[in-house]
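Numbering (my numbering), first residue to last: 1 to 149. To keep things clear, I will list the structure first and then write my remarks on it.
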Amino acid sequence: MEEIFTNIMERIAGGMPELSLIDEDYGQLEMSAEEDQYPVTFPCVLIGNIDADWRDQGLGNQKGAALITVRLAVDCYDDTSFESGTYDKIKDRRQMDLKLYKTLQRFKSARCATPLVRVKSRDYALPGYVKVFETTYAFTINDNSGQSL
1 MEEIFTNIME
11 RIAGGMPELS
21 LIDEDYGQLE
31 MSAEEDQYPV
41 TFPCVLIGNI
51 DADWRDQGLG
61 NQKGAALITV
71 RLAVDCYDDT
81 SFESGTYDKI
91 KDRRQMDLKL
101 YKTLQRFKSA
111 RCATPLVRVK
121 SRDYALPGYV
131 KVFETTYAFT
141 INDNSGQSL
């Protein structure tokens, strides 16, 4: 699985140099009430939350139907109300999300995996004027690491 993570990170880095951080998602955006700042810089992409259902193929081989979640987080300090005249910042954030999608959709992250296919997306706001665009991709992976030597 580490190959999948690193290849996705490299793909995003090559396609989106405007990002300030690309990292494994280990809860950096879920800060507690005592904290006053996120442990990341924006805009950033966090990759994680792999969920795989495995089926035995015999002789130590398994096939997994897997999901991986990618979160784009952007700070939103600009006034984007219609009256402000700067509501184009909304478009800029949405364009960045679209660029990330185009970077990953149909990307083959490892020889043992099928290309990524988007299966779910949503966006939501976090405290501190942070907008998150979350996309889940599905892929199938073959694992023969259980074979006897």
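Built from N, CA and C at the ideal position, the CB exists for glycine as well.
Provide the residue(s) that pair with residue i in DSSP beta bridges, ordered along the chain.
| i | result |
| --- | --- |
| Asp51 | Leu67 |
| Asn142 | Lys63 |
| Phe42 | The partner list for Phe42 (beta bridge, DSSP) is empty, contrary to what the question assumes. |
| Glu10 | Partner(s): none; Glu10 has no beta bridge. |
| Phe133 | Leu72, Asp123 |
Using CA atoms only, rank isn't needed, just tell me which of the options is closest to residue i.
| i | options | result |
| --- | --- | --- |
| Lys91 | Lys131, Asp36, Asn142 | Lys131 |
| Gly27 | Ile12, Trp54, Ile47 | Ile47 |
| Asn49 | Asp56, Ile4, Arg111 | Ile4 |
| Pro127 | Asp75, Asp143, Ser20 | Asp75 |
| Arg94 | Arg118, Gln105, Glu134, Lys120 | Glu134 |
Quick check: residue i and residue j, are their CB atoms within less than 8 Å of each other?
| i | j | result |
| --- | --- | --- |
| Tyr137 | Val45 | no |
| Leu116 | Met16 | no |
| Ala66 | Thr140 | yes |
| Gln37 | Asp143 | no |
Using DSSP with H/G/I as helix, E/B as strand and the rest coil, what is residue i?
| i | result |
| --- | --- |
| Leu21 | strand |
| Glu35 | coil |
| Arg106 | coil |
| Gln147 | coil |
| Gln95 | helix |
Can you give the Cα-Cα distance for residue i and residue j, rounded to whole angstroms?
| i | j | result |
| --- | --- | --- |
| Ser145 | Gly60 | 7 Å |
| Lys29 | Leu72 | The question names Lys, but residue 29 in the sequence shown is Leu. Taking the straight line from one Cα to the other gives about 11 Å. |
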